[in-house]
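Engineer:
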Amino acid sequence: MVFTHLTKTALNGILRNKVRSSLTILGVVIGITSIMMVMSLGEGAQNLILGQIQSMGAKTIVVEPGREPTGPASFAQMMGDSLTHKDLDALKNKFNVPYAVNIEPLNVSGGVASYRNETYQASIFGSSGLIQDMYDMKLQDGRFIDDYDIQNKSYVTVIGSKVKEELFGSDEAVGQKIKLKGINFKVIGVLSKKGQGFINFDEVIVVPWSVAQQYIFGIKYFHHIIIEADTEKNVNSTVRDVVATLRNSHDITDPDKDDFRVTTQEGAKEQVETILNIFTLFLAAIAAISLVVGGVGIMNIMLVSVTERTREIGLRKALGATGEDIMTQFLLEAVMLTALGGIIGIILGTGLSFVASFILSNYAGLEWAFSFPVTAALVGIGVSAAVGLVFGLYPARQASLKSPIEALRYE
């Protein structure tokens with residue numbers, strides 16, 4: 068029996084019971100749809116976060132207190148208070164870090180801002196004007212914090228568009244005063260709407276770091292120190308100088324005892340990519356469990372089909388079909404079913420991912436772009452066909468072993 072004829076026979080067997088065939092592939096459709104959505108949304112999240120990191124510029128270096136974690140149990144070591152004014156002064160010394168053109172601290176925490184009877188929970192950034200260039204913050208109105216505000220510990224603030232909307236509505240915000248930790252801060256600027264990303268700048272309040280550290284957070288250390296190298300070529304040299312300076316400042320001779328960590332934007336990008344890829348693959352693996360369930364369902368249905376078509380099998384064998392022909396026919400049916408399920412799952416998963424991306428970008432305020440995971444689609448087709456092959460093998464073999472005489476006698 069030629070392969071073309073076997074294929075047509077298998078297809079007729081599937082079309083003969085359309086409702087049962089549809090229900091049979093449901094598990095495969097759900098599994099492939101889930102994998103497509105997880106991979107697509109995972110890529111979208113990765114692009115969103117990496118875009119925010121890359122917007123900081125390739126020349127940016129971030130220093131944070133605490134040790135670099137080596138495993139889940141060591142994540143507590145990431146928190147620390149080791150970056151102080153002494154370290155900031157040492158890093159600003161040109162002799163220690165000659166290629167640095169900007170060095171500024173950054174403290175970040177949550178807090179409640181109030182204006183008259185309105186209140187809003189926002190992210191408070193204690194920083195300088197450097198953060199404006201680093202995160203490409205555009206001003207809708209007013210000005211940004213400058214060195215004068217830092218040195219004189221001025222009670223001034225720049226607020227995000229969402230903060231302005233919640234506290235002031237359509238009224239003018241610049242020149243008004245809001246309260247943070249019971250202190251009046253004059254609004255000197257309002258940021259343009261940026262949309263939510265890795266950081267939602269529409270919900271931030273920026274104040275001079277000198278004021279934030281002492282009067283809002285009540286701490287004597289920095290959460291971050293941001294350093295900008297003069298050129299991309301000198302980033303690695305600057306990192307080495309920063310590490311050497313901080314080890315000298317902290318009297319550290321053993322690198323394993325560093326109480327700080329230094330990250331470049333390239334390093335941060337690689338870390339985020341690794342974490343998100345692992346997380347996405349983990350979710351995809353969980354979603355793939357439904358493929359196994361679908362495979363078991365296909366095997367059960369194929370066994371039922373073999374039993375129902377016993378006389379047909381006997382008749383084919385009596386007319387000259389070999390055991391190998393019968394086995395190939397039933398294997399083709401299983402593979403066709405699962406491959407069809409894979410194609411439907413890819414189409415459905417792509418459509419749902421597009422809808423989710425549209426909602427996230429248009430209604431959730433995220434700069435989210437739809438991403439079609441080509442690799443997931445190709446793997447989905449291959450895996451679904453493989454599931455049909457594996458779980459269809461036993462029923463197909465059972466069909467091929469039936470005796471034509473016994474099969475023809477079957478009622």
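So for the sequence shown, the numbering used here puts the first residue at 68; every next one is plus one.
We treat Cβ as the ideally placed atom computed from N, Cα and C, and that holds for glycine.
Predicted model only: the values in this text are computed from it and were never measured.
Got a sec, what are the start and stop residues for the beta strand (DSSP E) L88 sits in?
Structural biologist: The amino acid at residue 88 is misidentified as Leu; the sequence shows Ser. No beta strand (DSSP E) holds S88; the alpha helix (DSSP H) holding it covers K85 to T91.
Engineer: For E295 and T127, which I take to be in contact (beta-carbon distance under 8 angstroms), what is that distance rounded to the nearest angstrom?
Structural biologist: Contact holds; Cβ gap of about 6 angstroms.
Engineer: With a Cβ-Cβ cutoff of 9 angstroms, do A279 and N169 count as a contact?
Structural biologist: It is not a contact, given that the beta carbons lie outside the stated cut-off.
Engineer: For S221, tell me which candidate among F268, N251, L206 and K229 has the shortest Cα-Cα distance.
Structural biologist: For the residues F268, N251, L206 and K229, the minimum Cα distance to S221 belongs to N251.
Engineer: Leaving out the 5 sequence neighbours to the left and right, which residues in its chain are closer than 7 angstroms to A112 when beta-carbon positions are compared?
Structural biologist: L343
Engineer: Please look up how many angstroms separate the CB atoms of V225 and V273, rounded, as I've assumed it's under 8 angstroms.
Structural biologist: 4 angstroms
Engineer: What residue ranges within the stretch 195 to 245 form continuous alpha helix (DSSP H) runs of no fewer than 4 residues, ordered along the chain?
Structural biologist: 197 to 201, 214 to 218 and 228 to 235
Engineer: Give me whichever residues DSSP pairs with K253 in a beta bridge.
Structural biologist: Looking at the DSSP assignment, K253 forms a beta bridge with V223 and K244.
Engineer: Just the Cα atoms here: how many angstroms apart are P139 and G256?
Structural biologist: Only weak support is given to the placement of P139: the predicted model assigns it a pLDDT of 46, under 50, and the value that follows is read from those uncertain coordinates. Roughly 41 angstroms separates the two Cα atoms.
Engineer: When the Cα of T305 is compared with those of K161, H152, I365 and F425, which residue comes out closest?
Structural biologist: K161
Engineer: Could you tell me whether the stretch 386 to 406 touches the stretch 446 to 464, using the rule of 3 or more Cβ pairs below 8 angstroms?
Structural biologist: The stretch 386 to 406, when compared against the stretch 446 to 464, does touch it at the 8 angstroms Cβ threshold.
Engineer: Roughly how many angstroms separate the alpha carbons of V360 and I97, rounded to a whole number?
Structural biologist: The straight-line gap from Cα to Cα measures roughly 10 angstroms.
Engineer: I'd like to confirm the pairing. Which residues does DSSP put opposite V271 in its beta bridges?
Structural biologist: S190
Engineer: With 9 angstroms set as the bound, which would you pick, yes or no: does the beta-carbon of V450 sit closer than that to a beta-carbon of chain B?
Structural biologist: Absent from the structure is chain B; it holds one protein chain and no more.
Engineer: Quick one: Cα of A406 to Cα of A452, how far?
Structural biologist: If I take the Cα positions, the gap works out to 5 angstroms.
Engineer: Can you give me the C-alpha to C-alpha distance between K287 and T100, rounded to a whole angstrom?
Structural biologist: 51 angstroms
Engineer: Counting Cβ pairs, one atom from each stretch, are 3 or more of them under 8 angstroms apart for the stretch 405 to 423 and the stretch 86 to 94?
Structural biologist: yes
Engineer: Using three-state DSSP, classify A388 as helix, strand or coil.
Structural biologist: Residue state, collapsed to three classes: coil.
Engineer: Using the Cβ count rule (16 or more neighbours within 10 Å means buried), how would you classify E400?
Structural biologist: buried
Engineer: Let me check one thing: in DSSP terms, what residues is H291 bridge-paired to?
Structural biologist: L173
Engineer: Given a cut-off of 9 angstroms on the beta-carbon distance, is the pair L158 and T330 in contact?
Structural biologist: no
Engineer: Could you spell out the range, first to last residue, of the alpha helix (DSSP H) harbouring R314?
Structural biologist: V302 to S316
Engineer: Restricting to Cα atoms, I'd like to know which of L358, L398 and A444 is closest to G418.
Structural biologist: A444
Engineer: For R328, which beta-bridge partners are listed by DSSP?
Structural biologist: Its beta-bridge partners are E131.
Engineer: Express the C-alpha separation of F439 and K260 in angstroms, rounding to a whole number.
Structural biologist: 28 angstroms
Engineer: Determine the contact status of N163 and D308, defining contact as a CB-CB distance below 9 angstroms.
Structural biologist: yes
Engineer: Could you name the residues of the same chain whose beta carbon sits closer than 6 angstroms to that of T151, not counting the 5 residues immediately before and after it, in chain order?
Structural biologist: Y288
Engineer: Give the DSSP bridge partners of Y479, in chain order.
Structural biologist: An answer regarding residue 479 cannot be provided, because it is not within the stretch 68 to 478 covered by the chain.
Engineer: Between V223 and A167, what straight-line distance do the alpha-carbon atoms span, to the nearest angstrom?
Structural biologist: 28 angstroms
Engineer: Can I365 and V454 be called in contact, C-beta distance under 9 angstroms?
Structural biologist: Yes, Cβ-Cβ distance for I365 and V454 is below 9 angstroms.
Engineer: State the Cα-Cα distance for the pair I217 and K253, rounded to the nearest angstrom.
Structural biologist: 14 angstroms
Engineer: Pick out whichever of I283, F349 and G412 has its Cα sitting closest to the Cα of G178.
Structural biologist: I283
Engineer: Identify, in the order they occur along the chain, each residue of the same chain with its Cβ nearer than 7 angstroms to the Cβ of D213, setting aside the five sequence neighbours on each side.
Structural biologist: G196.
Engineer: Is it right to say F235 is buried, meaning 16 or more other beta carbons lie within 10 angstroms of its own, or is it exposed?
Structural biologist: By the neighbour-count definition (other C-beta atoms within 10 Å, threshold 16), F235 is a buried residue.
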